[in-house]
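Asker: So for the sequence shown, our numbering puts the first residue at 31; every next one is plus one.
Yeah, the Cβ is synthetic: ideal placement off N, Cα and C, and Gly gets one too.
I'd like to ask you about the structure that follows.
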Amino acid sequence: MSTRIEWYEIALRLTLTVAAGAIFGLNRGEHGRAAGLRTTMLVCLAASVSMLQVNLLLATAARPSDSFVKLDLMRLPLGILTGMGFIGGGAILRRGEAVLGVTTAATLWFVTVLGLCFGGGQHVLGLVALALGMLVLSSLKRWEAHMLQSHRGVLTVTSSIDRPTDDELRNAILDRGFSIASVEAGHDKIEERRTLHCELHWRERETNPRPVPTRDWAELPGVLKLHWAPSRNA
31 MSTRIEWYEI ALRLTLTVAA GAIFGLNRGE HGRAAGLRTT MLVCLAASVS MLQVNLLLAT
91 AARPSDSFVK LDLMRLPLGI LTGMGFIGGG AILRRGEAVL GVTTAATLWF VTVLGLCFGG
151 GQHVLGLVAL ALGMLVLSSL KRWEAHMLQS HRGVLTVTSS IDRPTDDELR NAILDRGFSI
211 ASVEAGHDKI EERRTLHCEL HWRERETNPR PVPTRDWAEL PGVLKLHWAP SRNA
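Encoded structure:
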């Protein structure tokens with residue numbers, strides 16, 4: 031990084047910064063994410079300006095060895111990254127067992143680093159990172175939709191004491207391609223009922239979700255009540 035920077039170099043760095051932030055912002059905005067065009071552009075621009083300021087202050091960093099004044103200019107971009115950690119943490123939401131906003135937080139962190147690259151004059155590194163980042167956000171999203179993903183849910187069955195038997199219920203579940211991870215059982219002698227909580231696991235593609243045959247399971251002999259609660263891995 032040169033200690034002397036001309037106006038045209040500043041203009042180039044800011045232009046690349048705005049373009050990079052806009053590219054990521056358009057991608058996020060098309061998918062309805064909270065961090066859209068303006069957010070990503072401002073984050074990227076703030077990081078870039080911090081590096082430009084560091085570059086402009088490099089000429090004033092030198093001090094005599096006996097001076098008590100010392101400038102640690104890299105604290106400014108490091109502070110930008112620390113601040114982005116708080117903003118990214120605020121973008122992450124948890125709803126039940128589902129965690130949302132992780133990709134948005136990672137995008138904000140990534141455009142911050144892009145801004146630091148362009149603001150510091152590492153144009154090639156910034157452009158390569160920009161291309162790789164867009165590849166991850168756009169192309170891999172379609173590929174990820176066709177991956178087999180793990181899913182789970184809890185099946186609660188209230189039935190008579192003797193029907194359906196454990197083997198009948200297990201076979202009805204396994205025949206539909208579900209696996210049983212755990213079973214919790216409860217018995218009510220007064221009402222002559224029992225309750226089974228079965229945690230089910232299965233794998234499927236996001237583009238081809240598997241229907242859960244709750245109606246077929248509810249029609250098993252002896253089943254009085256059935257409840258299905260799907261959940262997503264955090």
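(1) ARG182 bridges to which residues according to DSSP?
(2) Given this structure, state the Cα-to-Cα distance separating ARG235 from TRP173, to the nearest angstrom.
(3) Quick one: Cα of ASN57 to Cα of GLU214, how far?
(4) On a CA-only basis, which of TRP37, PRO260, THR47 and LEU162 is nearest GLN152? Give me that one, please.
(5) Straight-line CA distance for LEU86 to ILE35?
(6) Run the CB neighbour count on SER80, radius 10 Å, all protein chains shown included, and call it buried at 16 or more, exposed below.
(7) Determine the burial state of PRO251: buried for a count of at least 16 other Cβ atoms within 10 Å of its Cβ, exposed for fewer.
(8) Give the single residue among ASP246, THR112 and LEU138 whose Cα lies nearest to the Cα of LEU72.
(9) Indicate the three-state DSSP secondary structure (helix, strand or coil) for ILE191 in the structure shown.
(10) What residues in its chain sit with their C-beta under 6 angstroms from that of GLY163, if we drop five residues either side in the sequence?
(11) Does the contact criterion of 3 or more C-beta pairs under 8 angstroms hold for the region 198-211 versus the region 225-233?
(12) Going by DSSP in three states, HIS153 sits in which element: helix, strand or coil?
(13) Take the Cβ of ILE203 as the centre, count every other Cβ of all protein chains shown within 10 Å, and call the residue buried at 16 or more, exposed below.
(14) In its own chain, which residues sit with a C-beta less than 7 angstroms from the C-beta of GLU222, not counting the 5 before and 5 after it?
(15) Please classify ILE220: does DSSP put it in a helix, a strand, or coil?
(16) Please name the residue or residues paired with ILE210 in a DSSP beta bridge.
(17) I believe GLY183 touches PRO260 by the beta-carbon criterion, under 8 angstroms. Please report the beta-carbon distance rounded to the nearest angstrom.
Answerer: Put simply:
(1) On the sequence shown, residue 182 is found 152 positions in, with the first residue counted as 1. Bridge partners of ARG182: HIS231 and SER261.
(2) Here residue 235 corresponds to residue number 205 of the sequence shown, with the count starting at 1. Here residue 173 corresponds to residue number 143 of the sequence shown, with the count starting at 1. One C-alpha to the other measures close to 11 angstroms.
(3) Position 27 of the sequence shown holds residue 57. Position 184 of the sequence shown holds residue 214. If I take the Cα positions, the gap works out to 45 angstroms.
(4) On the sequence shown, position 122 is the one that residue 152 refers to. Comparing Cα positions, the closest option is THR47.
(5) The sequence position of residue 86 within the sequence shown is 56, counting from 1. The sequence position of residue 35 within the sequence shown is 5, counting from 1. C-alpha separation (whole angstroms): 7 angstroms.
(6) In the sequence shown, the residue the question calls residue 80 occupies position 50. When all chains shown are included, SER80 counts as buried.
(7) Against the sequence shown, residue 251 aligns to sequence position 221. So PRO251 counts as exposed.
(8) Within the sequence shown, residue 72 is the residue found at index 42, counting from 1. Taking only the C-alpha atoms, the option nearest LEU72 is LEU138.
(9) Numbered from 1 along the sequence shown, position 161 holds the residue referred to as residue 191. ILE191 falls in the coil class under three-state DSSP.
(10) Mapped onto the sequence shown, residue 163 falls at position 133. PHE140, listed in sequence order.
(11) yes
(12) Counted from its first residue, the sequence shown places residue 153 at position 123. Of the three classes helix, strand and coil, the one that applies to HIS153 here is helix, per DSSP.
(13) One-based indexing of the sequence shown puts residue 203 at position 173. The residue in question, ILE203, is buried, as its Cβ has 16 or more Cβ neighbours within 10 Å.
(14) In the sequence shown, the residue the question calls residue 222 occupies position 192. So the list reads SER190 and ILE191, once near-sequence residues are dropped.
(15) Within the sequence shown, residue 220 is the residue found at index 190, counting from 1. Looking at ILE220 - three-state DSSP - the assignment turns out to be coil, as it is neither helix nor strand.
(16) As a first step, residue 210 must be located in the sequence shown, where it is residue number 180. According to DSSP, ILE210 bridges with LEU230.
(17) To locate residue 183, count along the sequence shown from 1; it is residue 153. To locate residue 260, count along the sequence shown from 1; it is residue 230. At roughly 4 angstroms, the Cβ-Cβ gap stays under 8 angstroms, so GLY183 and PRO260 are in contact.
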